[in-house]
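In the working numbering, the protein residues as written are 16 to 147. We put the CB at the ideal spot given by N, CA and C, even for glycine.
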């Protein structure tokens, strides 16, 4: 696909809101996407806005990611106040927006993760349209 990890500007995480699960997910994102990164990597979680949709959670995150690419705006992570003590944000480019972010640099690529209760895990990269 001729992409580097730095081409991804936004990741819609599974973001279940658990101390251990979120730490494992963010640490995985850091290992893949955060090495020597100069620009912010925004991470969101639709569950903070609408709760866990169970079987529809993956498509909810997918739709949100498409909307981020279409509108070039990242909605805030609601109810996020205290960083997880198991995640090192100080040495990371990862940002968890608590306010809407208007992207100054067009976001062409974003990723979305979804983890199923049956053990099916998905991480996909989406490309925005030509306007992005």
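For residue i, three-class secondary structure by DSSP
i	result
residue 129	strand
residue 147	Caution is warranted here: a pLDDT of 44 is assigned to residue 147, below 50, making its placement in the model unreliable, and the coordinate value is therefore given only provisionally. Here residue 147 sits in coil by DSSP.
residue 139	strand
residue 124	strand
residue 35	helix
residue 85	helix
residue 61	coil
Buried versus exposed call for residue i [16 or more other C-beta atoms within 10 Å across all chains shown]
i	result
residue 75	buried
residue 59	buried
residue 27	buried
residue 67	exposed
Any non-hydrogen atom of the ligand PLP within 7 Å of residue i CB
i	result
residue 21	Of ligands this structure carries none, so the ligand PLP is not represented either.
Whole-Å CB distance - residue i paired with residue j, under 8 Å assumed
i	j	result
residue 112	residue 89	5 Å
residue 49	residue 109	6 Å
Endpoints, alpha helix (DSSP H) assigned at residue i
i	result
residue 27	From DSSP, residue 27 is part of no alpha helix (DSSP H) but of the beta strand (DSSP E) over 23-27.
Residue-chain proximity (residue i, chain B), Cβ-Cβ < 8 Å
i	result
residue 81	The structure shown contains no chain B, having only a single protein chain.
Indicate whether the contact test is met: 3 or more Cβ pairs, each with one atom in the segment 60-74 and one in the segment 115-125, closer than 8 Å. Put simply, the segment 60-74 does not touch the segment 115-125. Fewer than three CB pairs are less than 8 Å apart.
Using 8 Å as the threshold, is the segment 99-113 in touch with the segment 38-51, meaning 3 or more CB pairs across them? Enough Cβ pairs lie closer than 8 Å, so yes.
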